[in-house]
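S.K.:
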Amino acid sequence: MLDVYLFVTPWGEKCMQSEKVMMDFVHNVDQKVGFQIIPMLNMQIVQDYLHNNNNKTYDSYNELSADMYNMILDYKAALFQCKRHGRNFLKLIQQEINGNQLSYSKQLGSKIAEQANLDLEMFETDRRSQLAKDAFKADQKTASEMNVNISPAAVIFNDDDDNCGILVEDFNNETLQQICQDDECPLSSAISFSHASVSFPHVL
């Protein structure tokens with residue numbers, strides 16, 4: 092079994108694309124895959140987005156940081172109901188923020204929760220709960236332990252071997268497959284692709 096961790100900023104076009112790429116990768120491998128999307132939040136991420144050309148709504152570091160944090164808590168609350176609902180919630184709210192240039196708000200989170208078919212009473216209880224805050228802290232600790240400093244980034248482990256894993260910081264579907272099929276990659280003997288979208292020899 093493979094464990095895949097995708098680290099992203101709470102929102103951003105590049106991270107949305109990385110989520111699509113990783114889902115394609117997960118669906119193309121033969122092995123059973125455990126997949127998690129982990130939003131990261133640190134000073135560099137906030138500053139980078141604040142000065143990003145796609146940023147049309149924020150000019151305050153503190154406001155942006157607070158909104159990203161609260162959106163992550165909403166995502167964690169959605170995940171408590173099930174992973175599928177959580178990922179759908181994340182996709183929908185990213186579309187509103189990136190595609191429609193909306194600012195995050197508690198009201199927007201509630202609207203998306205309804206669209207994602209969440210139990211709204213449970214969502215409202217969980218979204219600012221200590222459990223959600225602890226889940227956020229655990230995610231940031233995981234990023235630190237895996238030496239992930241930028242996003243998007245992916246960490247892929249072979250669950251049968253704790254020492255068998257890779258960190259990929261700048262990737263698309265093609266490069267992921269190249270890396271995992273390269274003889275020097277620690278995952279090359281543990282992963283295969285049944286419906287790979289590209290075909291090539293070991294080239295890295």
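Its first residue numbered 92, the sequence shown is counted upward by one per residue in this note's numbering. For each residue, glycine too, the CB sits at the ideal point set by N, CA and C.
Identify every residue that forms a DSSP beta bridge with N249.
M.R.: Position 158 of the sequence shown, counted from the first residue, corresponds to residue 249. Beta-bridge pairing links N249 to L93.
S.K.: Between N145 and the rest of its own chain, which residues show a CB-CB distance below 8 Å, the 5 nearest in sequence each way excluded?
M.R.: Taking the sequence shown and counting its residues from 1, the one referred to as residue 145 is at position 54. Closer than 8 Å at the Cβ level, and outside the excluded window around N145, lie G103, E104 and N189.
S.K.: Taking all protein chains shown into account, do 16 or more other C-beta atoms lie within 10 angstroms of the C-beta of Q185, making it buried, or fewer, making it exposed?
M.R.: For the purposes of this step, residue 185 is taken as the residue at position 94 of the sequence shown. Q185 should be labelled buried.
S.K.: Could you check where the beta strand (DSSP E) with F126 kicks off and where it finishes?
M.R.: For the purposes of this step, residue 126 is taken as the residue at position 35 of the sequence shown. Looking at the DSSP string, the run of the beta strand (DSSP E) that includes F126 is V124 to P130.
S.K.: Quick one: what's G256 bridged to in DSSP?
M.R.: Here the question's residue 256 lines up with position 165 in the sequence shown. Bridge partners of G256: F248.
S.K.: Using only CA atoms, which one of K111, N264, E205 and Y160 lies nearest to D230?
M.R.: Counting from one through the sequence shown, the residue named residue 230 turns up at place 139. Among K111, N264, E205 and Y160, the Cα nearest to that of D230 is on Y160.
S.K.: By the three-class DSSP mapping on this structure, what secondary structure does F180 have?
M.R.: Here residue 180 corresponds to residue number 89 of the sequence shown, with the count starting at 1. Looking at F180 - three-state DSSP - the assignment turns out to be helix.
S.K.: Here's the rule: buried if 16 or more other CB atoms are within 10 angstroms of the residue's CB, otherwise exposed. What is D165?
M.R.: Position 74 of the sequence shown, counting from 1, holds the residue named residue 165. The residue in question, D165, is buried, as its Cβ has 16 or more Cβ neighbours within 10 Å.
S.K.: Let me check understanding here. Comparing Cα to Cα, which of D225, E260, A204 and G177 lies closest to F126?
M.R.: If you number the sequence shown from 1, residue 126 lands on position 35. Answer by Cα proximity: G177.
S.K.: Quick check on V99: does DSSP put it in helix, strand or coil?
M.R.: Indexing the sequence shown from 1 puts residue 99 at position 8. In this structure, V99 counts as strand in the three-state DSSP scheme.
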